Amino acid sequence: MVDILKFSNLVECTILKRISRFSVLVNIGGTEHIVYLCNTGRLLGYIEKGRRGFCIPTKKGKLMYRLVGVEDRGYAALVDTMLHEKSFEILISKGFIPWLKSCAIIKRNFRVFGSILDYLIRCRDIEAVIELKSAIMKLSDGFAGYPDAPTTRGRKQIEALANFIENGFLSYLVFVVGIPNAKGFKLYCDVDEKICYAVNYAIERGVIFKAINVFLNPFTEYIVAGDLDLKVDLSCC
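So that you can map any letter, position 185 of the sequence shown is 185 in full-length UniProt numbering, and since no number is skipped, the others follow by simple counting.
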């Protein structure tokens, strides 16, 4: 495991229930708090009553805390999508991702064919566009899945990645797997019947599908990296 980012103020909590797409009711030291959740996914198996969570104080906004992790097999799933992005940025800047060696981010929130994608990067004399997707849905055998809900926006972004290849760029769809010590990533087709149309189109056009594993070690208070070249299984399409 590689240490990525350290927290100096991790706060343990007990999850009570989800309030909305962006908020969760938790108990911290005997007091109930509504905390911010930066993840609109369903997070089945994680945001459930009685689960042990980990929060950090917020620096702005009305809510005092932000939920970043949920205990899982001695570690914690990293459920905050902003921290997935931050972790990816640190990993690429330090050259830790083996298939993105000698690469650097040159632009964030890059607009392509009506969609906004996460990064434009340069690897020596080659430029590539990258879209990250968080995968925190636990499947069997240590795999994580995406999507866990229908995603029109996600399909459009995948299609934009495919279309961008016409301009001579590389396109990557990178799944950030937030469950501890994941074995791999699997596309999950059961909740979005149309996801395969976008994925198959992207495969035909040459989009590169990759997955990395980042999660929380609550004992050291570090976000850590597991396998940075996880197996990717798209066979449901």
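By construction, the Cβ of each residue, glycine as well, lies at the ideal position given by its N, Cα and C atoms.
Only a predicted model underlies this, so the values are computations on that prediction, with no experimental measurement involved.
- [ ] Would you list the residues sitting across from LYS101 in a DSSP beta bridge?
- [x] Answer by DSSP bridge pairing: none, since LYS101 is not bridged.
Task: N- and C-terminal bounds of the alpha helix (DSSP H) containing CYS196 - done: 195-205
Task: CA-to-CA distance, THR58 to ILE116, given in whole angstroms - done: Within the model, the alpha-carbon separation for ILE116 versus THR58 is close to 27 Å.
Task: Rounded straight-line distance, which links the Cα of CYS38 to that of VAL22 - done: Note that residue 22 is Phe in the sequence shown here, rather than Val. The straight-line gap from Cα to Cα measures roughly 6 Å.
Task: Coarse secondary structure for ILE90, derived from DSSP in three states - done: helix
Task: ASN163, enclosing alpha helix (DSSP H) - first and last residue - done: 152-164
Open item on the list: If I follow the unbroken beta strand (DSSP E) through PHE169, where does it start and stop?
Closed with: Here PHE169 belongs to no beta strand (DSSP E), and DSSP marks it neither H nor E.
- [ ] Can you have a look at SER93 and say buried or exposed, based on whether 16 or more other CB atoms are within 10 angstroms of its CB?
- [x] exposed
- [ ] List the residues that DSSP assigns as beta-bridge partners of HIS33.
- [x] VAL26
Task: Close Cβ partners of ASP192 (< 7 Å) along its chain, the five nearest in sequence each way excluded - done: PRO147, PRO150 and THR151
- [ ] May I have the straight-line CA-CA distance separating SER102 from ILE121, to the nearest angstrom?
- [x] 10 Å
Open item on the list: With three or more C-beta pairs closer than 8 Å as the rule, is the stretch 157-168 touching the stretch 39-59?
Closed with: no
Open item on the list: Can you tell me where the beta strand (DSSP E) holding THR14 begins and where it ends?
Closed with: 11-20
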